[in-house]
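In our numbering, the protein residues as written are 1 to 247.
All C-beta atoms, glycine included, are put in the ideal place defined by N, C-alpha and C.
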């Protein structure tokens with residue numbers, strides 16, 4: 001079956017657990033026996049973000065690797081430190097936010113198109129904006145985007161008012177009337193229409209068009225907002241990327 005290598009981690013002396021995102025089964029974790037040995041033929045095919053054709057065998061207790069062959073290693077991507085860092089961080093985030101054995105072909109195609117885009121990218125771009133675009137598009141596919149158009153408490157439509165807040169625990173914007181009813185919690189941010197515009201533009205734009213978006217907010221500020229929303233929505237901490245390495 002076709003799969004994308006998300007990550008790998010050590011297990012015992014010579015083995016590793018490989019996390020794949022497969023077309024047929026979604027995210028799966030597989031034991032790769034002996035892959036840390038120098039003589040291992042599979043190790044090079046199991047590098048993160050390789051696109052591979054893999055045979056996965058099932059025992060009574062767990063899945064283990066049968067064979068694996070690289071179909072696309074995205075070699076150009078691997079020549080650029082910032083691209084490597086971005087690919088690793090985004091695939092790690094997807095792994096953290098998805099459960100095993102829940103297939104989603106749209107997510108699989110999205111991942112492949114993302115890696116292919118990075119591999120073919122030649123022009124210098126704002127990598128933080130690209131990171132934001134990936135996270136938002138991924139969130140849309142997984143079904144947890146922030147509500148930016150209507151108050152999450154009374155369903156009033158947002159019309160650009162500057163007095164609205166973003167209610168993190170509620171997952172969306174909160175109007176002035178509902179804000180007054182003591183629904184605001186410590187840490188909720190004043191919601192600015194500029195950030196809303198940036199988020200919507202990043203969601204609807206192609207990766208290739210992200211560089212031409214006229215962002216109103218600092219991309220690093222948008223990134224922090226997105227990550228905090230994901231943490232509130234999923235009720236678990238998300239590992240943050242050191243954005244200084246992408247600038």
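My understanding is that residue i touches residue j, with C-beta atoms under 8 Å, so please give their C-beta distance in whole angstroms.
| i | j | result |
| --- | --- | --- |
| residue 167 | residue 188 | 6 Å |
| residue 27 | residue 100 | 5 Å |
| residue 136 | residue 213 | Not a contact, Cβ separation roughly 12 Å. |
| residue 48 | residue 88 | 6 Å |
| residue 51 | residue 4 | 6 Å |
Helix, strand or coil for residue i? Go by DSSP, reduced to three states.
| i | result |
| --- | --- |
| residue 57 | strand |
| residue 40 | coil |
| residue 124 | coil |
| residue 249 | Only positions 1 to 247 of the chain appear in this structure, which leaves residue 249 out of reach. |
| residue 45 | helix |
| residue 4 | strand |
| residue 163 | coil |
| residue 93 | helix |
| residue 307 | The requested residue 307 is not part of the displayed model; the chain covers only 1 to 247. |
| residue 143 | coil |
| residue 241 | coil |
| residue 72 | strand |
According to DSSP, residue i sits in a beta bridge with which residue or residues?
| i | result |
| --- | --- |
| residue 15 | 11 |
| residue 150 | 157 |
| residue 32 | 16 |
| residue 100 | 27 |
| residue 136 | Answer is none; residue 136 lacks a bridge partner. |
| residue 67 | 55 |
| residue 173 | 166 |
Would you say residue i faces chain C, with C-beta separation under 8 Å as the test?
| i | result |
| --- | --- |
| residue 199 | This model lacks chain C altogether, as it is built from one protein chain only. |
For the segment 39 to 49 against the segment 57 to 64, are there 3 or more C-beta pairs whose distance is under 8 Å? Put simply, the segment 39 to 49 does not touch the segment 57 to 64. Fewer than three CB pairs are less than 8 Å apart.
At a cut of 8 Å, does the segment 102 to 114 reach the segment 127 to 141 through at least three beta carbon pairs? yes
Would you call the segment 30 to 38 in contact with the segment 3 to 16, where contact means no fewer than 3 C-beta pairs closer than 8 Å? In short, these stretches touch, since the Cβ pair count reaches three.
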